[in-house]
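Trainee: Residue numbers (the numbering used here): 175 to 961.
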Amino acid sequence: MVIPVGGRPFPALAGERVGDSEHSVPLPGTDWTVWEDAILRSTGFPADGLGLFSAPACAAVADAFLEGRASEDDVARALDTAIADAGRAALDVAADPLFREALTWQNLGMARQLACFGPPDPVREGAMTGKELRRARHRRRARESAVVRYWQRYCGKNDTIGFFGPVTWATIDPDAERAVTIRPGAGLLRSRKVDYEFWALEAYVTSLLADPDVAPWLPARLHPHLAVRDGHLLQPGKDPVPLDDVEAEVLALCDGVRPAAEIAHDLRHAAVLDRLVEDGVVWQGVNMPYNARAEGVLRAALDAIPEPAARERALAGLDRLDRARAAVADAAGDPDALADALDGLDAEFTALTGADAHRLGGQMYVGRRVCFEDTVRDLDATIGAPILEALSGPFGRVLLPAARWVSVALADAYDEAFRDLYERLREPGADSVPMPVLWEAVQPLITGTDRPGDAVAAEFARRWDELVGVDAATAGESRLFLDSAELAERAAVLFAADRPGWPAARIQSPDLHIGAVGADALARGEFTLVLGEMHTAWPTLDSAVFTDRHPDPGKLRDAAADDIGPQFRPLYPTWWRQYTARIAPVLGETDRQIAFTAAPGADPARVLPTVTLTVVDRDGTLEVIGPDGLRRPLRDVFCLLFGFLGAEAFKRIGTGAHHPRVTMDRLVVVRETWRTTVGATGIAPKKGVVPEYLAARRLRASLGLPDRVFAKVGTEIKPTYVDFTGPRYVSAFASIIRSARDSFGDDVPVTFTELLPGPEEAWLEDAEGRRYSSELRIQMVDPERPA
């Protein structure tokens, strides 16, 4: 089945590639190029599922009451009807095997609670006391709200996780005359794979270290952030420690390959090795990379144990885990079998490691279980010339120059901040500053409350408003329509920059939404493009969750090497919560690793302990010098830490109470947005279904919100879908508001963004004609390189 999506109302393109790139295609009318590989993220449940818990008739009655045309009894009756309808819908969703399987992966305890979620029993409820009945109804409401919270995510948010968030690698083809061509397979998924979480593999290695028969045969190595030089141990923040002959010999043998039994070949060496491990100088175990390759490295390391009995014992435990994991993979598609298999894996894991099979309970977007599943959608997709041409004006004339300017402004701002730190930290008479000293001092500039990047974001927002003409006079409007050709000259002045600020800043990575009422409309060229997020100066396709699903990851690695080249990348510890093995970048195989603390995954050929680096002033430029003649600008070492602030700059657009939708040519650059606070919503203090619902309808009317929005509460990581007509949607949102207020008070910010495109504009179809929300993530490449 081939669905041609989008006719091409433009003249034919020559299709010539810019330069000699084999991985990019031209962005028409510009010198910029676009990677021909793009990620199409989608939901695993149809978009129209969001309407299951809508209640427009109830909303009409509530609005009539607020206008004095209905009574509170009318509202109560309408709410009773809407809640009963929502209850029946929740029962249907909770009984859906696909929903049960999705929930089993995410929250097995909740899945089991909902497994016994049935309709009300009038006979049983009639025998209850008043208190018992209130408790029973409260439990029912809580279960219905839980169904709604998960359902809105599965139908409306393009999260890449499990079968309810599959990915597809799409091809961008400037010679394709259709906007989009899709070839869906017979089913939802082409492949699914179950992997261990990194923390679970670490726990298994820890259990091996507690096994006296195996531990001596695991290797040992100096922690990556330490170094030995001229007979001294170098440690961040400490004076060099002289080493005696035995210590020096032991550390020379700790190469990460040689087993501890060979290093500790006599009592003196054994005692020294034990002390160095206890003092945190040497680690022992398996040096697994902090990404999806960890499992393969672990198995190879265990297979290399020279002592047969120890090798067999270490591998036997891993084989037991593998069998239990295989049972999980085999159970896919059957929620009850999956639940049992997950229990079996948990039990096997705890039996082998002695560790709890769950962690970080209640936290979202972290690996809580021993394993996780990632999937590829059964779909081939080609993005054609009409999409590229629709992007060329807004991006080529305005957005890409603006993004380049942001990277240069960030680099300049941090250069200045680094200079101030350098002068403050340099000891009198010294001509350099040790990198560990500067490293610690720099962190508040990146993660603190008064960062140079914040000033850049504020200045960018000011220039943007000047460019598009958003001011007090236009803030009350709901729509602004702009012509990129008319903005080009002013954009060139406001965002003047002739090259990116650092190597990775060549890549600008927008998230795009294509909106159309169906394949036929797209075939007529009737589509809207919406900019989701603009990941400025950030190669977002370099993420293990994406690259590991690509049919030829080597092609992506070559592309990254061509466009960016080697970078300096922090060697992240596992306690750094913003970074996980699942999302780790994996394309930069020649990137240098900056080791600043104990962390897994150090490559001896690439690691640079901060204790081996020094910052100097060379002709007015701060540079880092290190081993083997290393000499690079200081900004290059820190650019990946401050570079993520580029995306924050675009998020700062329109920070007022209201910002209109801004459409540039055929691209919605900014969705209509409203900002308020938890206290100002009026929802938090309301108790009871009727006052809560009326408060939500009053909020919607006072701000001029559409019924359907995404809401981002300042205490939450990601936005949530809210339909102000549905009482169950309102209750779920109200619980978030109350939680934020209880924890941080009334001033927590709340941002509402229009739902665009909506479910009726979901164009991505499966073989049965069901339509899904989707998001296209691409990478655009600057033709210039940094100086």
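Where is the CB? At the ideal position from N, CA and C, for every residue including glycine. Predicted, not measured: the structure shown is a model, and the values here were computed from it.
1. Give the range of the alpha helix (DSSP H) segment to which residue 266 is assigned.
2. Taking DSSP's pairing of strands, which residues face residue 547 in a bridge?
3. Pick from 603, 329 and 195: whose alpha carbon is nearest that of residue 934?
4. Could you tell me the boundaries of the beta strand (DSSP E) in which residue 792 lies?
5. Give me the Cα-Cα distance between residue 296 and residue 863, rounded to the nearest whole angstrom.
6. Along the chain, where does the alpha helix (DSSP H) that runs through residue 767 open and close?
7. Report the three-state DSSP secondary structure of residue 335 (helix, strand or coil).
8. Do residue 201 and residue 954 have their CB atoms nearer than 8 Å?
9. Looking at C-alpha atoms only, which residue of 221, 799 and 532 is the closest neighbour of residue 545?
10. Measuring CB atoms only, is the segment 910–920 touching the segment 237–255, in the sense that at least three cross pairs come out at less than 8 Å?
11. Under 8 Å, do residue 759 and residue 738 count as touching if we go by C-beta distance?
12. State the CB to CB distance for the pair residue 796 and residue 808, rounded to an integer number of angstroms; the pair is presumed to be in contact (CB under 8 Å).
13. For residue 526, which residues from the same chain have a beta carbon less than 7 Å from its beta carbon, with the 5 sequence-adjacent residues on both sides left out?
14. Between 371, 938, 554 and 420, which has its C-alpha nearest residue 405's C-alpha?
15. Could you tell me the distance, in whole angstroms, from the CA atom of residue 570 to the CA atom of residue 595?
16. Can you tell me whether residue 507 sits near the ligand GDP, meaning its C-beta is under 7 Å from at least one heavy atom of the ligand?
17. Bridge partners for residue 343 per DSSP, in chain order?
18. Just checking my contact of residue 332 with residue 890 at CB under 8 Å: how many whole Å lie between their CB atoms?
19. I'd like to check one pair, residue 269 with residue 226: are the Cβ atoms closer than 8 Å?
20. What span of residues does the beta strand (DSSP E) with residue 949 cover, start to end?
21. Short of 8 Å in beta carbon distance, which residues of its chain neighbour residue 956, apart from the five on each side in sequence? Order them along the chain.
22. Would a C-beta distance cut-off of 8 Å place residue 962 and residue 511 closer than the cut-off?
23. Going by DSSP, what residues sit across from residue 394 in a beta bridge?
24. Got a sec, what are the start and stop residues for the beta strand (DSSP E) residue 848 sits in?
25. To which residues of the same chain is residue 429 closer than 7 Å at the C-beta, ignoring the five residues directly before and after it?
26. Quick one: Cα of residue 945 to Cα of residue 704, how far?
27. I'd like to know whether the C-beta atoms of residue 814 and residue 744 end up nearer to each other than 8 Å.
28. How big is the Cα-Cα spacing for residue 553 and residue 724?
29. What does a CB cutoff of less than 7 Å around residue 801 pick up in its chain, not counting 5 residues either side in sequence?
30. I need the boundaries of the beta strand (DSSP E) containing residue 406, first residue and last residue.
31. In whole angstroms, what separates the C-alpha of residue 728 from that of residue 736?
32. What beta strand (DSSP E) runs, 3 residues minimum, are completely inside the segment 872–960?
33. May I ask you to report which of helix, strand or coil DSSP gives residue 670?
34. Name the two residues that bound the continuous alpha helix (DSSP H) containing residue 566.
35. For residue 468 and residue 755, which I take to be in contact (beta-carbon distance under 8 Å), what is that distance rounded to the nearest angstrom?
36. From this set, 241, 238, 311 and 440, which residue's C-alpha is nearest residue 258's C-alpha?
Mentor: Let me spell this out:
1. Taking the first residue of the sequence shown as position 1, residue 266 is located at position 92. Unbroken alpha helix (DSSP H) run through residue 266: 246–269.
2. The residue you call residue 547 lines up with position 373 of the sequence shown. Residue 547 pairs with 368.
3. For the purposes of this step, residue 934 is identified with residue 760 of the sequence shown, where counting begins at 1. Closest by alpha carbon: 329.
4. Position 618 of the sequence shown, counted from the first residue, corresponds to residue 792. Taken as a continuous stretch (DSSP letters only), the beta strand (DSSP E) holding residue 792 covers 788–792.
5. The sequence position of residue 296 within the sequence shown is 122, counting from 1. The sequence position of residue 863 within the sequence shown is 689, counting from 1. Rounded to the nearest whole angstrom, the CA to CA distance from residue 296 to residue 863 is 21 Å.
6. Here residue 767 corresponds to residue number 593 of the sequence shown, with the count starting at 1. That residue, residue 767, is in no alpha helix (DSSP H); its beta strand (DSSP E) goes 766–769.
7. Walking along the sequence shown from the start, residue 335 turns up at place 161. Looking at residue 335 - three-state DSSP - the assignment turns out to be coil, as it is neither helix nor strand.
8. Position 27 of the sequence shown, counted from the first residue, corresponds to residue 201. Position 780 of the sequence shown, counted from the first residue, corresponds to residue 954. It is a contact, given that the beta carbons lie within the stated cut-off.
9. Taking the sequence shown and counting its residues from 1, one reaches residue 545 at position 371. Measuring from the Cα of residue 545, the nearest candidate turns out to be 532.
10. Cβ pair count under 8 Å is below three, so no.
11. To locate residue 759, count along the sequence shown from 1; it is residue 585. To locate residue 738, count along the sequence shown from 1; it is residue 564. Not closer than 8 Å, so no.
12. Start at 1 with the first residue of the sequence shown, and residue 796 comes out as number 622. Start at 1 with the first residue of the sequence shown, and residue 808 comes out as number 634. Confirmed, Cβ separation roughly 4 Å.
13. Walking along the sequence shown from the start, residue 526 turns up at place 352. Correct list, in chain order: 378, 381, 491, 494 and 495.
14. One-based indexing of the sequence shown puts residue 405 at position 231. Checked all of 371, 938, 554 and 420; the closest Cα to residue 405 is 420.
15. As a first step, residue 570 must be located in the sequence shown, where it is residue number 396. As a first step, residue 595 must be located in the sequence shown, where it is residue number 421. Cα-Cα distance, rounded: 37 Å.
16. This structure simply doesn't include the ligand GDP, nor any ligand for that matter.
17. Within the sequence shown, the letter at position 169 stands for residue 343. Its beta-bridge partners are 213.
18. For the purposes of this step, residue 332 is taken as residue 158 along the sequence shown, with counting starting at 1. For the purposes of this step, residue 890 is taken as residue 716 along the sequence shown, with counting starting at 1. So it is not a contact: roughly 17 Å between Cβ atoms.
19. If you number the sequence shown from 1, residue 226 lands on position 52. If you number the sequence shown from 1, residue 269 lands on position 95. Result no, Cβ atoms of residue 226 and residue 269 do not sit closer than 8 Å.
20. In the sequence shown, residue 949 corresponds to position 775, counting from 1. Its beta strand (DSSP E) spans residues 948–951.
21. Here residue 956 refers to the residue found at position 782 of the sequence shown. The beta carbon of residue 956 is closer than 8 Å to those of 206, 574, 578, 673, 674, 679, 680, 681 and 682 in its chain, skipping five residues each way along the sequence.
22. What is shown of the chain runs 175 to 961, which leaves residue 962 out entirely.
23. The count along the sequence shown starts at 1 and reaches residue 394 at position 220. Per DSSP, 458.
24. Here residue 848 refers to the residue found at position 674 when the sequence shown is read from its first residue. Residue 848 -> beta strand (DSSP E) spans 847–851.
25. As a working note, residue 429 is residue 255 in the sequence shown. Result list for residue 429: 395, in chain order.
26. In the sequence shown, the residue the question calls residue 945 occupies position 771. In the sequence shown, the residue the question calls residue 704 occupies position 530. Cα-Cα distance, rounded: 18 Å.
27. Taking the first residue of the sequence shown as position 1, residue 814 is located at position 640. Taking the first residue of the sequence shown as position 1, residue 744 is located at position 570. Yes, they are a contact pair.
28. Here residue 553 refers to the residue found at position 379 when the sequence shown is read from its first residue. Here residue 724 refers to the residue found at position 550 when the sequence shown is read from its first residue. Taking the straight line from one Cα to the other gives about 13 Å.
29. As a first step, residue 801 is located in the sequence shown; it is residue number 627 there, counting from the start. Non-local beta-carbon contacts of residue 801 in its own chain, meaning distances under 7 Å to residues more than five positions away in sequence, involve 786 in chain order.
30. Within the sequence shown, numbered from 1, the residue matching residue 406 stands at position 232. From DSSP, the beta strand (DSSP E) with residue 406 extends over 406–408.
31. Along the sequence shown, one-based indexing puts residue 728 at 554. Along the sequence shown, one-based indexing puts residue 736 at 562. Distance between the alpha carbons of residue 728 and residue 736 is about 12 Å.
32. 882–887, 894–897, 923–928 and 948–951
33. What you label residue 670 is simply residue 496 of the sequence shown in a count that begins at 1. Here residue 670 sits in coil by DSSP.
34. Counting from one through the sequence shown, the residue named residue 566 turns up at place 392. Looking at the DSSP string, the run of the alpha helix (DSSP H) that includes residue 566 is 559–568.
35. Mapped onto the sequence shown, residue 468 falls at position 294. Mapped onto the sequence shown, residue 755 falls at position 581. Approximately 6 Å separates the beta-carbon atoms of residue 468 and residue 755; this is inside 8 Å, confirming the contact.
36. Residue 258 sits at position 84 when you count from the first residue of the sequence shown. Comparing Cα positions, the closest option is 311.
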